[in-house]
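Residues in the sequence shown are numbered consecutively from 13, following our numbering. What follows is one structure encoded as structure tokens, with my remarks underneath.
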Amino acid sequence: MSSSEGFAAIFYSEPGVLGLLANVISAFLVALQNFTLVNTNIVANGIENILAGVHLILIGGVMQLVAGLLTFRKYDHLGGTAFVAFSALWSSFGATRIIQGANLALYNTTSLPPSLQNNSSAVNYSISVAVPPVTESAVAGLVAYISVAFILTFCSATANYIMPFVFGAITITLVFEAVGLFGQWAFIVSGIFELIIVLFGLYGAAALLLKGITQRYVLPGFGNSLFNVLLLGAANKSSAKSIGEEKKKNTKYAEPMALGVLCDVISPFIFAFYCFGYLNSFYVGAVWISINSLSQLLASYYAYLRGDVFFTTKFGVHATFWLVKSWEEFILSVLINVSNVDNSRVRMAGDWFFLVTALILCLMSLNKDILEIIHNSVFILLTISTIPQINSTQYYNFFGAMCAVYVALSLYATFASLINSIAEKALIPIGTQVLSSATFQNVLFALKRCLTRAEELPSSTSAYLPDALFYICNGLAALSAIQSTTGDQTYAHLTIPWVLIPGTLIQLYVSRIQVQGGKRFGSVLPFSYAIVWATWTWLRFAGQLLAIGPTSDDAFTAGAIAFLIVNMFLIFLATYVNIVLLVLTVIMEVVIICFLLFTVERLPLPLEGVMLGLFSLVCVYGAFAAFANSTFGKQLIPLGSPLFKPRKRENDEQILATCTTVSSQKTSGLRTIANIVDSGKVCGIPTDTVYALAVSCKHPAAIEKIYNIKDRPAEKPICICISNLEQLIAVHPPFSPLLWELMRNVYPGGISCIVKKGDWLRKLGIGAAYDRVGTKDSIMIRVPDHTVTAHLVAMTGPLAITSANPSGEPDSTHHDMVISRLGHKIDGVLCDGFSNELVASTVINCTKIDEDGITILREGCVPAAKVLQIFERVKNKLD
């Protein structure tokens with residue numbers, strides 16, 4: 013490998029180098045400008061400000077964004093959140109400089125009154141005309157980021173003792189930058205702290221760079237923290253155990269929840285400033301919120317990569333909400349007279365769709381912690397405050413107050429999410445679950461059983477992760493587009509962000525993540541509808557501003573005909589998916605016909621309004637159904653069977669050629685799977701919870717196959733499965749009486765115990781797989797309460813098992829799901845119908861059972877409260 017390739021690899025292995033250098037260069041650039049401003053007492057001219065803004069966006073924004081994305085892929089919660097957040101900060105700061113520079117360029121000396129031309133006070137005159145609205149708007153963003161930077165500073169102190177100084181200096185810098193907008197003396201103090209950022213940032217970058225090269229810490233600062241994060245949870249440790257909050261969720265991507273909630277601090281903070289009258293205009297605020305919303309979309313994207321349906325949808329919806337509201341407010345404050353605000357807002361029906369979406373989000377968070385439910389409940393109040401029937405005075409007071417409450421709650425949620433992610437346990441209280449995941453799933457599952465007893469629908473009808481966002485985007489665009497049916501185009505330009513942002517921009521994001529998921533038809537559908545809504549906005553709403561009429565260009569008529577043909581093809585494909593999607597595409601065909609009639613000036617407006625309303629109603633149901641079904645990997649809310657079931661003979665033959673499927677009800681089938689496993693191959697098997705992939709511990713190389721098949725991160729260990737507890741007793745592991753008694757009470761069943769490793773594992777039959785299962789010091793043991801699995805393990809010996817699903821996706825709860833998802837990669841499937849549970853086992857750490865008790869690492873089919881009751885009963889029995 014060349015030296016240049018090796019150096020580039022350092023930035024991938026230690027992306028913190030790139031992030032710190034981005035902060036260093038940006039801070040140094042701003043410091044130079046500040047010192048120049050104070051020394052010469054002359055504000056930089058327009059060109060200088062524009063150049064400075066461009067450099068801040070490219071270096072502090074884009075370069076640091078790359079660092080944040082790479083850091084998220086290294087499973088660094090704090091670094092990924094901080095770098096993306098500061099990327100948005102420097103980009104917003106740079107955009108403000110560009111706007112400021114553009115204003116200064118417009119008000120140059122040639123545009124001054126004759127009395128001031130060739131006068132030394134001309135510059136100050138131009139600044140007084142152009143700069144104040146920009147600086148006042150920037151204050152709101154700077155103050156918002158001060159609170160966020162302070163939280164990041166405190167949290168970074170639990171990781172190392174270099175970043176706290178860098179982030180702390182950024183926090184103080186923001187304070188004096190905000191003050192400096194109204195008093196130049198503060199720029200000197202700000203410049204001093206920016207130099208501190210430079211010094212500590214350079215040292216931190218050098219330390220990480222050397223660590224990347226030498227694979228050890230040469231310079232101190234990283235690897236040690238200012239204080240142990242666990243100290244924050246000393247008072248909450250017992251309560252966390254009692255409510256089952258200690259959950260560890262390892263994937264190959266860091267948790268994006270802190271970043272997503274952090275973005276819910278910035279946007280409402282700027283809105284609150286504006287609603288309470290501290291800002292005279294909103295165009296700079298709209299830019300800050302837009303950049304912040306892009307960060308929130310990144311949080312949604314990483315939630316998608318983690319297979320987290322809830323936060324994928326939540327952050328996508330919130331980003332859409334803030335984008336739409338910010339650009340609506342920009343239009344209201346800049347293009348529409350204040351006296352006409354009520355007349356213009358009352359036409360905005362899209363706020364009602366946001367309210368319905370907020371209710372769906374709150375409903376689907378019932379299996380989350382109390383803090384998450386409260387956060388979603390306040391978002392409902394936030395959407396209620398924007399209802400267009402509220403007149404402008406009450407609207408701004410109500411909306412501003414709710415934004416202030418939401419900021420405070422989001423600040424706490426950001427802090428709790430960061431600390432709990434770093435510690436991988438609930439040190440900061442977030443409350444208990446209102447409903448356990450298993451209970452919530454069973455409620456929805458019972459609803460489906462009441463509706464139908466039919467067999468599980470084919471996998472092609474399943475809802476994929478972005479489907480809820482697809483329905484939300486289209487429903488919001490359709491309901492917002494109803495304004496055009498009134499025939500009054502006076503305020504048509506106000507509808508542009510309501511249709512363009514969700515219908516086109518966010519839907520293109522949905523199309524992108526559908527491509528990421530490999531759902532090619534799913535990516536075609538949102539992409540096609542994004543083009544429809546973009547064209548709709550161009551002609552129906554922007555047409556008046558651009559002097560474009562329905563008959564001014566025959567291209568719109570030809571385009572409408574093309575849309576009709578494309579959508580007919582989508583209707584045909586929807587017949588192979590589900591009824592809801594079929595109904596949606598059929599209604600869209602009528603909507604496109606209305607668009608065609610508009611281009612030839614033959615449109616009956618009431619018809620269009622009815623069709624758009626029906627379209628949005630179908631989207632509401634589709635969003636709820638897709639959300640619930642994607643969350644649990646089953647069609648718990650009916651979407652309807654497809655009219656046609658596709659034949660995949662060639663694909664089926666390929667799967668059958670590589671994947672043997674046998675029935676668990678036949679002894680011959682059980683023997684077949686046992687022989688396949690004994691030969692060192694991978695099979696899908698049923699358990700007492702969900703389906704699992706299993707390999708024999710006699711073949712260590714087969715365990716590596718599981719990692720490749722699932723795309724499973726290397727740091728996630730594999731557990732072992734035995735048929736009964738007597739197998740364990742026979743090898744005499746050095747377990748304490750308390751641990752033995754606990755195992756007797758939980759085995760067989762849906763609880764997995766993590767215990768210390770030892771030579772007893774070799775006697776159990778692990779053999780050469782000793783180093784391939786578990787971690788270096790511990791191993792998780794499963795004893796399923798399932799007759800078929802017990803017989804299989806008795807025939808093969810201990811099995812190494814893990815859930816039968818691609819890493820990050822929902823568990824497989826039917827053998828058809830295993831075959832359709834992994835059948836082309838594995839060698840056999842033991843078919844046993846529906847699984848007994850909808851979630852995996854509950855995992856408890858028993859390695860320190862005698863000293864500290866047990867720790868619940870994952871709540872599964874057995875509620876945490878029940879596990880703790882069993883443990884307390886066992887302890888009391890031995891005492």
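Each residue gets a CB set at the ideal place from its N, CA and C atoms; glycine is no exception. None of these values were measured; they are calculated from a predicted model.
For residue i and residue j, what's the separation of their Cα atoms in angstroms?
| i | j | result |
| --- | --- | --- |
| residue 567 | residue 322 | 41 Å |
| residue 739 | residue 823 | 28 Å |
| residue 833 | residue 821 | 10 Å |
| residue 429 | residue 85 | 18 Å |
| residue 94 | residue 39 | 16 Å |
| residue 274 | residue 162 | 12 Å |
| residue 290 | residue 205 | 27 Å |
| residue 811 | residue 828 | 22 Å |
| residue 878 | residue 884 | 10 Å |
| residue 840 | residue 815 | 15 Å |
| residue 111 | residue 157 | 19 Å |
| residue 695 | residue 805 | 13 Å |
| residue 573 | residue 28 | 52 Å |
| residue 31 | residue 77 | 8 Å |
| residue 34 | residue 619 | 55 Å |
| residue 838 | residue 734 | 21 Å |
| residue 431 | residue 167 | 6 Å |
| residue 125 | residue 194 | Reliability of the predicted coordinates at residue 125 is poor, the pLDDT of 45 falling under 50, and no value is obtained from them. |
| residue 279 | residue 326 | 15 Å |
| residue 362 | residue 510 | 7 Å |
| residue 744 | residue 714 | 27 Å |
| residue 648 | residue 636 | 11 Å |
| residue 862 | residue 887 | 10 Å |
| residue 433 | residue 736 | 35 Å |
| residue 295 | residue 340 | 11 Å |
| residue 372 | residue 89 | 28 Å |
| residue 753 | residue 860 | 15 Å |
According to DSSP, which residues form a beta bridge with residue i?
| i | result |
| --- | --- |
| residue 826 | 846 |
| residue 445 | 381 |
| residue 768 | 790 |
| residue 870 | 855 |
| residue 812 | 707, 732 |
Just to confirm, does residue i get its C-beta within under 7 Å of one of the non-hydrogen atoms of the ligand FAD?
| i | result |
| --- | --- |
| residue 237 | Inclusion of the ligand FAD in the displayed structure is not the case, the ligand content being empty and no account of it being possible. |
Hey, out of the options, whose CA is closest to residue i's CA?
| i | options | result |
| --- | --- | --- |
| residue 452 | 593, 487, 411, 380 | 380 |
| residue 880 | 542, 890, 519, 758 | 758 |
| residue 437 | 871, 886, 888 | 871 |
| residue 793 | 729, 425, 625, 846 | 729 |
| residue 593 | 627, 779, 526 | 627 |
| residue 450 | 31, 851, 439 | 851 |
| residue 819 | 316, 32, 232 | 316 |
| residue 674 | 844, 615, 655, 717 | 844 |
| residue 220 | 108, 210, 231 | 231 |
| residue 795 | 831, 42, 407, 766 | 766 |
| residue 107 | 89, 73, 87 | 73 |
| residue 268 | 677, 312, 286, 281 | 312 |
| residue 856 | 831, 763, 719 | 763 |
| residue 699 | 760, 867, 523, 60 | 760 |
| residue 6 | 836, 830, 858 | What is shown of the chain runs 13 to 891, which leaves residue 6 out entirely. |
Between which two residues does the alpha helix (DSSP H) holding residue i run?
| i | result |
| --- | --- |
| residue 385 | 382 to 396 |
| residue 484 | 479 to 493 |
| residue 312 | 295 to 317 |
| residue 429 | 404 to 435 |
| residue 605 | 591 to 611 |
| residue 638 | 617 to 644 |
So the beta strand (DSSP E) residue i belongs to, where does it begin and stop?
| i | result |
| --- | --- |
| residue 792 | 790 to 794 |
| residue 708 | 704 to 708 |
| residue 675 | 672 to 675 |
Should residue i be flagged as near chain C, meaning a C-beta pair shorter than 8 Å?
| i | result |
| --- | --- |
| residue 270 | In summary, chain C is missing from the structure at hand, where a single protein chain is found. |
Residue ranges of each alpha helix (DSSP H) within the segment 720 to 754, 4 or longer: 737 to 742
4 or more residues per run - each alpha helix (DSSP H) lying fully within the segment 505 to 544: 508 to 512, 519 to 528
Ranges of the alpha helix (DSSP H) found wholly within the segment 175 to 231, counting only runs of at least 4: 175 to 192, 197 to 226
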